[in-house]
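Undergrad: Please find one structure pasted underneath; my questions will follow.
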Amino acid sequence: MDNFIFQNTTRLIFGKGMIAELPKQIPAGKRVLVTFGGGSVKKNGVYDQVITNLKGYEITEFWGIEPNPAIETLRKAIALGKEKNVDYVLAVGGGSVIDGSKLITAGLLYEGDAWDLVKKGYSANTIPLGTILTLPATGSEMNNGAVISRYETQEKYAFFSNFPQFSILAPETTFTLPDFQISCGLADSFVHVMEQYMTFPAQSRVMDRWAEGLLSTLVEIAPKIKEDKKNYDLMADFMLTATMALNDFISMGVTTDWATHMIGHELTALHGITHGQTLAIVLPGTLRVLKDQKKEKLVQYGERVWGITIGNMSERADLAIRKTEDFFHNLGLATRLSDVNVGEDTIKEIERRFNERKVAYGEKNNVNGTLAAEILRACL
Ligand code: NZQ
Ligand code: ZN
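The sequence shown begins at 1 in the numbering used here and counts up by one.
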């Protein structure tokens with residue numbers, strides 16, 4: 001196990017009716033910028049609960065943070081927040097609203113264009129952020145990451161700032177989610193665990209077992225959720241699993257991968273494909289191409305998550321990869337680029353971008369432009 005320093009400063013507030021905790025979380029007298037997406041919170045009663053619980057605060061609403069939040073939109077929120085002199089941001093929605101709000105909290109204290117901060121990759125100079133999550137998927141509610149897009153240039157980059165001070169997770173807020181968003185959320189959570197787990201073997205028993213516990217939970221609940229998406233206990237397990245999948249708890253002292261995500265971000269930037277959907281396509285391709293590099297861990301995963309106990313190492317690894325692709329397929333997601341009409345032109349463009357940026361991802365830092373193209377061809 002490698003050395004590490006762990007600190008996660010988000011207060012997690014979880015359960016039925018917990019939006020009522022809001023007034024205890026935001027200090028009295030704060031001028032709050034409340035950020036939203038496109039309006040789902042008006043249909044499921046979350047908006048009304050938020051407004052009821054924010055009586056007594058001076059609030060400014062900002063609407064319209066879109067899926068894959070865009071700098072073009074966030075600049076407007078930052079300008080509004082500066083005009084109103086806000087000193088707290090409350091994000092209400094999915095990962096996109098929360099991610100966008102992370103950039104807003106930094107942009108409010110920055111004189112220049114907030115895109116500078118995205119290009120730099122981080123800014124810890126922020127005003128405080130609280131969140132109310134309505135979509136289990138990204139883990140943004142309990143981490144310090146965000147992913148920001150620029151539509152003008154079809155770019156999408158990670159940006160790091162501070163952890164939310166608190167996040168309220170009330171599973172009943174998920175009951176209005178469309179099936180596709182649930183599937184993408186399940187796939188995203190699954191791949192977050194895989195990015196931190198499917199690397200080298202024997203680094204940490206405890207990280208392995210935690211990761212396998214989260215993966216097994218997703219495998220168990222996914223088909224049940226597809227049948228019964230308004231089941232509180234199932235959605236509660238899903239919500240907590242999604243949070244635990246990307247809040248640094250399973251990456252202590254271990255090497256991580258993230259190649260699938262970085263390739264997936266390019267597919268979103270170029271074609272607008274939903275994040276979880278990109279991962280369901282790219283992860284099986286990554287595993288097929290890097291099967292030898294990841295073989296030992298694939299066999300461990302196959303046995304502990306999928307119960308694969310027969311066959312030689314190579315056969316077991318192949319079956320584990322097939323089971324993974326089947327899992328995504330059974331969620332109703334596409335698992336091939338051809339299913340989403342993406343072909344060679346895009347592969348060449350992603351290869352070109354990775355080469356131009358001189359990047360290489362994965363636990364061995366070997367997923368450069370050439371290998372990314374090979375992975376994408378294995379997804380056709
Ligand atoms: O905009 P509204 O009207 O609210 O509708 C949203 C949106 O259309 C809808 N939705 C959310 N909660 C709902 C609901 N509809 C009905 N009922 C509810 N309870 O769902 C749609 C998608 O929302 P979005 O926030 O875009 O989804 P998600 O949470 O999957 O976030 C995706 C973004 O997060 C980034 C992705 O790249 C993408 O930009 N990620 C952020 C990460 C992080 N911060 O750590 C890590 C992830 O790997 C990921 O990259
Ligand atoms: Zn993700």
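Using N, Cα and C, we set each Cβ at its ideal position, and we do this for glycine too. Owing to the predicted nature of the structure, the values given are computational and were not obtained by experimental measurement.
1. What whole-angstrom Cβ distance do Asn-125 and Leu-109 have, given they're in contact under 8 Å?
2. Under the rule that 16 or more other beta-carbon atoms within 10 Å means buried, what is Gly-121, buried or exposed?
3. Excluding the 5 residues flanking Pro-67 on each side, which residues of the same chain have their C-beta closer than 6 Å to its C-beta?
4. Can you find a heavy atom of ligand 1 that lies under 7 Å from the Cβ of Pro-178?
5. Check this for me: beta carbons of Thr-35 and Ser-101, under 8 Å apart or not?
6. Going by alpha carbons, who is nearest to Val-46 out of Phe-190, Gly-17 and Ile-65?
7. Count the other CB atoms within 10 Å of the CB of Ala-301; is the residue buried (16 or more) or exposed (fewer)?
8. How far does the alpha helix (DSSP H) with Ala-211 in it extend, from its first residue to its last?
9. Our contact map puts Leu-234 next to Lys-224 with C-beta atoms below 8 Å; I'd like the distance itself, whole angstroms only.
10. Using a 10 Å radius around the Cβ and a threshold of 16 neighbouring Cβ atoms, would you call Ala-79 buried or exposed?
11. Check whether the Cβ of Val-367 lies closer than 7 Å to any heavy atom of ligand 2, and answer yes or no.
12. Between Val-342 and Gly-94, what straight-line distance do the alpha-carbon atoms span, to the nearest angstrom?
13. Please return the same chain residues whose Cβ sits closer than 7 Å to the Cβ of Arg-316, not counting the five positions on each side in sequence.
14. How many Å lie between Val-193 and Leu-215 at the Cα?
15. Measuring only from the beta carbon, is Gln-181 closer than 7 Å to any heavy atom that is part of ligand 1?
16. Would you check whether ligand 1 has a heavy atom nearer than 7 Å to the C-beta of Asn-68?
17. Checking 8 Å against the spacing of the C-beta atoms, do Leu-270 and Glu-349 come in under that value?
18. Thr-10 and Phe-166 look like a contact to me (Cβ under 8 Å); what is the Cβ gap, rounded to whole Å?
19. So what's Glu-356 in DSSP terms, helix, strand or just coil?
20. Give the DSSP-derived three-state secondary structure of Glu-266 in the structure shown.
21. Once the 5 residues before and after Ile-250 are set aside, which same chain residues still bring their CB inside 8 Å of it?
22. Mind checking whether Gln-293 and Val-254 have CB atoms under 8 Å apart?
23. Alpha carbon to alpha carbon, how far is Thr-134 from Tyr-232? Give it in angstroms, no decimals.
24. Do you know how far the Cα of Gly-56 is from the Cα of Gly-29?
25. Look at the alpha carbon of Glu-152 and the alpha carbon of Pro-69, and state the distance between them as a whole number of angstroms.
26. How many Å lie between Ile-273 and Leu-12 at the Cα?
27. In the DSSP assignment, the alpha helix (DSSP H) including Phe-328 goes from what residue to what residue?
28. Using a 10 Å radius around the Cβ and a threshold of 16 neighbouring Cβ atoms, would you call Lys-156 buried or exposed?
29. So, are the CB atoms of Leu-90 and Ile-5 less than 8 Å apart?
TA: Here's the rundown:
1. Indexing the sequence shown from 1 puts residue 125 at position 125. Indexing the sequence shown from 1 puts residue 109 at position 109. Correct: roughly 5 Å between the Cβ atoms.
2. For the purposes of this step, residue 121 is identified with residue 121 of the sequence shown, where counting begins at 1. Exposed.
3. Within the sequence shown, residue 67 is the residue found at index 67, counting from 1. Excluding residues within five positions, the ones whose Cβ falls inside 6 Å are Ser-96.
4. Translated into the one-based positions of the sequence shown, residue 178 becomes position 178. Yes, ligand 1 has a heavy atom inside 7 Å of this Cβ.
5. Sequence index remark: in the sequence shown, residue 35 carries index 35 (1-based). Sequence index remark: in the sequence shown, residue 101 carries index 101 (1-based). A contact, by the Cβ cut-off of 8 Å.
6. For the purposes of this step, residue 46 is identified with residue 46 of the sequence shown, where counting begins at 1. With distances taken between Cα atoms, Val-46 lies closest to Gly-17.
7. The residue labelled residue 301 in the question sits at position 301 within the sequence shown. In the sequence as presented, Ala is not what sits at residue 301; that position holds Tyr. Its Cβ being crowded by 16 or more others within 10 Å, Tyr-301 is buried.
8. Taking the first residue of the sequence shown as position 1, residue 211 is located at position 211. Residues 205 to 227.
9. In the sequence shown, counting from the first residue as 1, residue 234 sits at position 234. In the sequence shown, counting from the first residue as 1, residue 224 sits at position 224. Confirmed, Cβ separation roughly 5 Å.
10. Here residue 79 refers to the residue found at position 79 of the sequence shown. The residue is exposed, with fewer than 16 neighbouring Cβ atoms inside 10 Å.
11. Counting from one through the sequence shown, the residue named residue 367 turns up at place 367. It does not: the Cβ of Val-367 is nowhere closer than 7 Å to a heavy atom of ligand 2.
12. Sequence index remark: in the sequence shown, residue 342 carries index 342 (1-based). Sequence index remark: in the sequence shown, residue 94 carries index 94 (1-based). Each residue's Cα considered, the two are about 26 Å apart.
13. Taking the sequence shown and counting its residues from 1, one reaches residue 316 at position 316. Same-chain partners within the cutoff: Val-299, Gly-302 and Ile-308.
14. Stepping through the sequence shown from its first residue, residue 193 is reached at position 193. Stepping through the sequence shown from its first residue, residue 215 is reached at position 215. If I take the Cα positions, the gap works out to 7 Å.
15. Residue mapping note: residue 181 aligns to position 181 of the sequence shown, counting from 1. Flag set: Cβ of Gln-181 near ligand 1.
16. Within the sequence shown, the letter at position 68 stands for residue 68. Yes; taking the cut-off as 7 Å, the Cβ of Asn-68 has a heavy atom of ligand 1 nearer than that.
17. Working through the sequence shown from its first residue, we reach residue 270 at position 270. Working through the sequence shown from its first residue, we reach residue 349 at position 349. It is a contact, given that the beta carbons lie within the stated cut-off.
18. Against the sequence shown, residue 10 aligns to sequence position 10. Against the sequence shown, residue 166 aligns to sequence position 166. Right, the Cβ-Cβ distance comes to about 7 Å (below 8 Å), so this counts as a contact.
19. For the purposes of this step, residue 356 is taken as residue 356 along the sequence shown, with counting starting at 1. In the structure shown, Glu-356 sits in a helix (DSSP, three-state: H, G or I).
20. The residue you call residue 266 lines up with position 266 of the sequence shown. Three-state result, Glu-266: helix.
21. Along the sequence shown, read from residue 1 onward, the residue named residue 250 stands at position 250. These residues qualify, in order along the chain: Val-193, Gln-196, Tyr-197, Met-207, Trp-210, Ala-211, Leu-214 and Met-244.
22. Along the sequence shown, one-based indexing puts residue 293 at 293. Along the sequence shown, one-based indexing puts residue 254 at 254. No, the pair does not count as a contact, with Cβ atoms beyond the cut-off.
23. Counting from 1 along the sequence shown, the entry for residue 232 is found at position 232. Counting from 1 along the sequence shown, the entry for residue 134 is found at position 134. Tyr-232 and Thr-134: Cα-Cα distance of roughly 13 Å.
24. For this step, residue 29 is matched to residue 29 along the sequence shown. For this step, residue 56 is matched to residue 56 along the sequence shown. Roughly 8 Å separates the two Cα atoms.
25. Residue numbering aside, residue 152 sits at position 152 when the sequence shown is read from its first letter. Residue numbering aside, residue 69 sits at position 69 when the sequence shown is read from its first letter. Their backbone Cα atoms lie some 13 Å apart in a straight line.
26. Within the sequence shown, residue 273 is the residue found at index 273, counting from 1. Within the sequence shown, residue 12 is the residue found at index 12, counting from 1. Spanning the two alpha carbons is a distance of roughly 30 Å.
27. Translated into the one-based positions of the sequence shown, residue 328 becomes position 328. Per DSSP, Phe-328 belongs to the alpha helix (DSSP H) from 313 to 330.
28. The sequence position of residue 156 within the sequence shown is 156, counting from 1. Classification of Lys-156: buried, given that the 10 Å Cβ count is 16 or more.
29. Position 90 of the sequence shown, counting from 1, holds the residue named residue 90. Position 5 of the sequence shown, counting from 1, holds the residue named residue 5. Against a cut-off of 8 Å, the Cβ pair of Ile-5 and Leu-90 comes out as no contact.
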